[in-house]
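Following full-length UniProt numbering, the numbering of the sequence shown begins with 1 at its first residue and continues without gaps.
What follows is a short report on a single structure.
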Amino acid sequence: MGSLQPQELRVPNASTSPWYRKSSTQAMADLQTSVTGLAPEEARARLLRIGPNALPAKAVDPLWLRFARHFNDVLIYILLAAAVATALMGHWTDTLVILAVALINAAIGFFQENKAEKSLAALRGMLSSTALVVRNGQKLKIDASELVPGDIVVLRPGDKIPADVRLFEVHHLQVEESMLTGESLTVAKQVEALEQEALLADRSNLGFSGTSVSAGNAKGVVIETGAATELGKINCLIASVDESETPLLRQIAQLGKRIFQLIVGMMAVLFVIGFFWHDYPFGELLLSLISLAVAAVPEGLPAIVSIILSLGVQRMARNKAIIRKLPTVETLGAMSVICSDKTGTLTMNEMTAKSVLTASTLYGVEGQSYEPVGRITLAGATEALDWAGHTNLAAFIRAVDICNDSSLQRNDEGRWRVVGGPTEGALKVLARKACLPEVDVRRMGKIPFDSAYKYMARRCDVAGDSLIYLKGAPDVLLGLCQQQLGAHSVEPLDRAYWEREMGHIASQGLRMLAAAYKPVPGAGGEIDHEDLQDGMIFLGVAGLMDPPRPEAIEAIALCRQAGIQVKMITGDHPDTAVAIARMLGMGSDLRAMTGQELEATDDAALRTLAMQYAVFARTSPEHKLRLVRALQANGQVVGMTGDGVNDAPALKQADVGIAMGIKGTEVTKEAADMVLTDDNFSTIAGAVREGRRVYDNLKKTVLFILPTNMAQGLLIVMAILAGAVVPLSPLQILWMNMATSTTLSFALAFEPGEPGMMRRAPRQAGESILNGFAVWRVLFVGGLLTAAAFLLEAWMVAGGQDTDHIRTMILHTLVTAQWAYLFNCRLQEQFSLNAALLRNGALLTVTLALILLQCLVIYVPFMQTAFHTVALPFSSWLLALGVGVLVFFAVELEKLLIRRWKARRAG
């Protein structure tokens, strides 16, 4: 942190060590301030030099520029070039229709675009709006943006810390820092300088901007403001992360480039052949080449991709997953690694007592979170406890309930919450589960908890008995006790027993908290540390943990079945993280890589280690970002879940950033691609299933649209090579691609998922949407349609039909054959007319829509004029339907042969 402090505030030869390693006196000297604060004039001067205590805003592109970007596509370039060429030739109807198609595609993309990034704005909103400062010895309340390094701030319970501060006066200060560190517990603060290097979570003499004071009071000197704070560093990390392109967008872009290269090459060759060999008139040849360009461009593909993704978004929203970025739907299907934050994502983020150890027995505690429901049982037993003979357990629970400053409340939504520290709250829940008889309690003197001595004590009268209750770290309380409460009486302390049994509790990843008591004669109400030195009786130890979410266990099993690795990345202690990972079913032979080990590892080595380890503990935001990038460098499609501000940069870098909707911060939600409205990790498994279904349907759509484009292009190429009239006009081709193809493709968006899709491994991120099988299918079906169209044209030419009639019949036949091929595309390799056909009502809808559109273009006079079509007799419809049926059975025969060939290879 020291490297970020303002140079102009340093005195000559000032120490450059980190702030947490400096004494508070040295820090104030470096900042040229004192406990009485800055003079107002000096504060104003520093504000002018350093700038306000605010995070820099990110520039937002204007709407017109964001709309214009949707024309930045090679396929759109071809359409725009065709529009210019037809305009120069005076074919204004063609020009307007081509431009309309380009505008429609751009409009669909623009309106489906994500909302502007709000991450940085939400992050700025997390800064405290006011601050209580000391200037010239006087306390003042000022706008937090006016704070400067060197200011003295006063912190009270409930305050949001307004800047990074070096604490110099602390009174039982507890700070909630989970948004930065991932720690589920509040952090006790102190003022002494630290001797060793320390990670963010261990800098106990610093307060960080945006974190909250949960208890106690303090004073601190401001060391960093604005972008130089730890919160500001996260802001910089978010701003530095580039938007990653999804696998689908990469494949669509690659497909567009290949089509563009093919079109340009073919147009050049055909121009030479047509102009110099067949002596085509220049205008007619140019119009034919424009027809080729329009035919080869799958204009309807961008629109139908947006529609399929939008439908996927709606389905996921109904299943508690809000998609903020459309391509995320498809990316979920390729996700191969989920990097999950622990606290609040895989766990409840609510401390819970899971066991109680007394001098005679180990007890288990059932129940999750803060809800006071659950039985207390003998360890390993299933029956509820019979309290007779367990007076030492009752005494322990009574002690931790009375020596406790927290309270348990139920909000309007019925959710239980703790007012106070989460550890004390867990003990309050334990007391409610025990349902002990109520007794009269009069609380008197108290020694508040302090990290310096690691305990809290209270003197009180309980049912007429004067007692001192003590609660704190087990090792400290064992040092203060010489006796223990056994099953029936007080007996000598068996320290070896406690250390052995606490070792078993620690191995389960549980945090421990001990209690003791002491009868005190007399009527005095005050208490001092000296009162704890003699006669304390050890009661027992509670094992506490932030428990795993039950639904997360099932979700991880489903993810592993689907070939998706799950990795835990947390700021928590390594032993705790490993224990939770085992409970979640992430593996048995687990080890944790720590943040310090990660920092000592270069990027090349981290690529290997990131794949080997499943648990990463004591991590910072920078570590999470490096891990996501290391996994992506291995070719993994990475999902990152989280709910704290510290997760936001990694969420933005990940291919799929997944935020928790209930407990997640606004920053995390805005940085994410997907928000879980129920905070349920298992929702991710459902989202992956939907993502795989969407990708399958997108691939089916590509395999449906491209053969028709290929057939249209081949018709024009062969006509030019033969020196004949082109069978379809540019407008007729546009009609087929935009009106009919898009309409029919809509049905594929509603196809249910194919059986077994959640038992197959994630597809490779680099896998082309047009693999060898897909290319063969496009060539095969395109060839079928081309052959059918040419045979039909030759038959009609021989029959003396005019050009408009021939073109209308070819148009109608290709549309009908395309409709028949739609049924082939429902299943890539299996027979298409199965029972699931009846579940897709969209097939009937698009069939009726197609009939209506074809009647419109064939029989309505103004459409006949615009598209150069003529009315067809009913016999022509039957002929076109016959061709379509032949195409359907030809493709089904090809599927059968491929299935048999694959079966022979597998055998």
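Glycine is no exception: its CB is placed at the ideal position from the N, C-alpha and C atoms.
Identify whether His529 lies in helix, strand or coil by the three-state DSSP scheme. Here residue 529 corresponds to residue number 529 of the sequence shown, with the count starting at 1. The answer is helix: DSSP assigns His529 an H, G or I state.
So, using beta-carbon positions, are Leu748 and Lys700 closer together than 7 Å? Residue mapping note: residue 748 aligns to position 748 of the sequence shown, counting from 1. Residue mapping note: residue 700 aligns to position 700 of the sequence shown, counting from 1. Cβ atoms of Leu748 and Lys700: closer than 7 Å.
Distance, Asp450 Cα to Met583 Cα: Taking the sequence shown and counting its residues from 1, the one referred to as residue 583 is at position 583. Taking the sequence shown and counting its residues from 1, the one referred to as residue 450 is at position 450. If you take the alpha carbons of Met583 and Asp450, they lie about 32 Å apart.
Do you know offhand how far Trp498's Cα is from Glu491's? Along the sequence shown, read from residue 1 onward, the residue named residue 498 stands at position 498. Along the sequence shown, read from residue 1 onward, the residue named residue 491 stands at position 491. Each residue's Cα considered, the two are about 14 Å apart.
Could you pull the DSSP bridge partners for Leu167 from this structure? Translated into the one-based positions of the sequence shown, residue 167 becomes position 167. Answer by DSSP bridge pairing, in chain order: Gly220.
Val891 in three-state terms, based on DSSP: Numbered from its first residue, the sequence shown carries residue 891 at position 891. Helix.
What residue does the beta strand (DSSP E) around Ile580 start on, and which one ends it? In the sequence shown, residue 580 corresponds to position 580, counting from 1. Looking at the DSSP string, Ile580 is not in any beta strand (DSSP E); the run it does join, the alpha helix (DSSP H), is 574-583.
For the putative contact between Ile225 and Val148, defined by C-beta atoms under 8 Å, what is the C-beta separation to the nearest angstrom? Residue numbering aside, residue 225 sits at position 225 when the sequence shown is read from its first letter. Residue numbering aside, residue 148 sits at position 148 when the sequence shown is read from its first letter. The sequence given here has Thr at residue 225, not Ile. Sure, about 6 Å apart at Cβ, within 8 Å.
Give the straight-line distance between the Cα atoms of Leu120 and Asp673, rounded to the nearest whole angstrom. Reading the sequence shown from its first residue, position 120 is the one you call residue 120. Reading the sequence shown from its first residue, position 673 is the one you call residue 673. Low confidence applies to Leu120: its pLDDT is 35, below 50, so where it sits in the model is not reliable enough to give any reading.
Is the beta carbon of Leu301 less than 7 Å from the beta carbon of Val688? Position 301 of the sequence shown, counted from the start, is the residue given in the question as residue 301. Position 688 of the sequence shown, counted from the start, is the residue given in the question as residue 688. Their beta carbons are not under 7 Å apart, which means Leu301 does not touch Val688 by this criterion.
Quick check: the Cα distance between Ala43 and Leu155, rounded to an integer number of angstroms? Position 43 of the sequence shown, counted from the start, is the residue given in the question as residue 43. Position 155 of the sequence shown, counted from the start, is the residue given in the question as residue 155. Approximately 19 Å, taken between the alpha carbons.
Work out the CA separation of Ala562 and Arg905 for me, nearest whole Å. For the purposes of this step, residue 905 is taken as residue 905 along the sequence shown, with counting starting at 1. For the purposes of this step, residue 562 is taken as residue 562 along the sequence shown, with counting starting at 1. Whole-angstrom Cα-Cα distance: 25 Å.
Here's the rule: buried if 16 or more other CB atoms are within 10 angstroms of the residue's CB, otherwise exposed. What is Arg410? Position 410 of the sequence shown, counting from 1, holds the residue named residue 410. By the neighbour-count rule (16 or more Cβ atoms within 10 Å), Arg410 is not buried but exposed.
When we look at the beta-carbon of Ala789 and count the other beta-carbons within 10 Å, is it buried (16 or more) or exposed? Position 789 of the sequence shown, counted from the start, is the residue given in the question as residue 789. Buried, by the Cβ-count rule.
Coarse secondary structure for Pro448, derived from DSSP in three states: As a working note, residue 448 is residue 448 in the sequence shown. Strand.
Keeping to the same chain, check which residues put their C-beta closer than 8 Å to that of Phe889; ignore five residues upstream and five downstream. Residue numbering aside, residue 889 sits at position 889 when the sequence shown is read from its first letter. So the list is empty, once near-sequence residues are dropped.
With the cut-off set at 7 Å, would you say Pro707 and Leu715 are in Cβ contact? The sequence position of residue 707 within the sequence shown is 707, counting from 1. The sequence position of residue 715 within the sequence shown is 715, counting from 1. Against a cut-off of 7 Å, the Cβ pair of Leu715 and Pro707 comes out as no contact.
Going by CA-CA distance only, name the one from Gly522, Gly543, Ala227, Ile323 that's closest to Glu424. Within the sequence shown, the letter at position 424 stands for residue 424. Closest option to Glu424, Cα to Cα, is Gly543.
Three-state secondary structure (DSSP) at Lys22? The residue you call residue 22 lines up with position 22 of the sequence shown. Lys22: coil per DSSP, three-state reduction.
Buried versus exposed call for Ala68 [16 or more other C-beta atoms within 10 Å across all chains shown]: The residue given as residue 68 occupies position 68 in the sequence shown. Exposed.
Evaluate Trp277 with the Cβ neighbour count: other Cβ atoms within 10 Å of its Cβ, from every protein chain shown; 16 or more gives buried, anything less gives exposed. Position 277 of the sequence shown, counting from 1, holds the residue named residue 277. Trp277 comes out exposed.
Touching or not, the stretch 449-464 and the stretch 395-409, by the rule of three or more beta carbon pairs under 8 Å? yes
Helix, strand or coil for Met586 per DSSP? Your numbering for residue 586 matches position 586 in the sequence shown. It is coil, neither helix nor strand.
Can you tell me which of the three DSSP states Leu200 falls into? For the purposes of this step, residue 200 is identified with residue 200 of the sequence shown, where counting begins at 1. The answer is helix: DSSP assigns Leu200 an H, G or I state.
Residue-level contact to chain D via CB, Glu176, 7 Å cutoff: No chain D appears in the structure shown, which is made up of a single protein chain.
Taking the alpha-carbon of Leu779 as reference, which of Gly799, Leu837, Ile705 has the nearest alpha-carbon? One-based indexing of the sequence shown puts residue 779 at position 779. Answer by Cα proximity: Ile705.
Going by Cα to Cα distance, which pick from Val846, Leu408, Gln565 is closest to Val429? Along the sequence shown, one-based indexing puts residue 429 at 429. Residue Leu408 is the option with its Cα nearest to Val429.
Taking the alpha-carbon positions, what's the Thr845 to Ser875 distance? Along the sequence shown, one-based indexing puts residue 845 at 845. Along the sequence shown, one-based indexing puts residue 875 at 875. When rounded, the distance between both Cα atoms is 24 Å.
Check the C-beta distance from Leu532 over to Leu470 and give it rounded, since I have them as a contact under 8 Å. In the sequence shown, residue 532 corresponds to position 532, counting from 1. In the sequence shown, residue 470 corresponds to position 470, counting from 1. About 6 Å; that satisfies the 8 Å criterion.
Can you grab the Cα-Cα spacing for the pair Thr36 / Val628, in whole Å? Locating residue 36 in the sequence shown gives position 36, where the first residue counts as 1. Locating residue 628 in the sequence shown gives position 628, where the first residue counts as 1. Looking at the two C-alpha atoms, the distance is approximately 46 Å.
Just tell me which of Ser729, Gly344, Val264 has its CA closest to the CA of Pro547. Here residue 547 refers to the residue found at position 547 when the sequence shown is read from its first residue. The residue with the shortest Cα to Cα distance from Pro547 is Gly344.
Note down, in chain order, each residue of its chain lying with its Cβ closer than 8 Å to the Cβ of Ser340, except the 5 sequence neighbours on either side. Your numbering for residue 340 matches position 340 in the sequence shown. Taken in chain order, the residues that qualify are Leu346, Val566, Lys567, Met568, Ile569, Met640, Thr641, Gly642, Phe681.
Start-end ranges of the beta strand (DSSP E) lying completely within the stretch 618-702, minimum 3 residues: 638-642, 656-660, 674-676
Counting C-beta neighbours from all protein chains within 10 Å, is the total for Val222 16 or more, i.e. buried, or is it exposed? On the sequence shown, residue 222 is found 222 positions in, with the first residue counted as 1. Burial call: buried.
The alpha helix (DSSP H) enclosing Phe750, as first and last residue numbers: Numbered from 1 along the sequence shown, position 750 holds the residue referred to as residue 750. Run containing Phe750: none; DSSP gives neither H nor E here.
Could you check whether Ala654 and Val638 sit closer than 7 Å to each other, using their CB atoms as the reference points? Counted from its first residue, the sequence shown places residue 638 at position 638. Counted from its first residue, the sequence shown places residue 654 at position 654. Yes, these two residues count as a Cβ contact at 7 Å.
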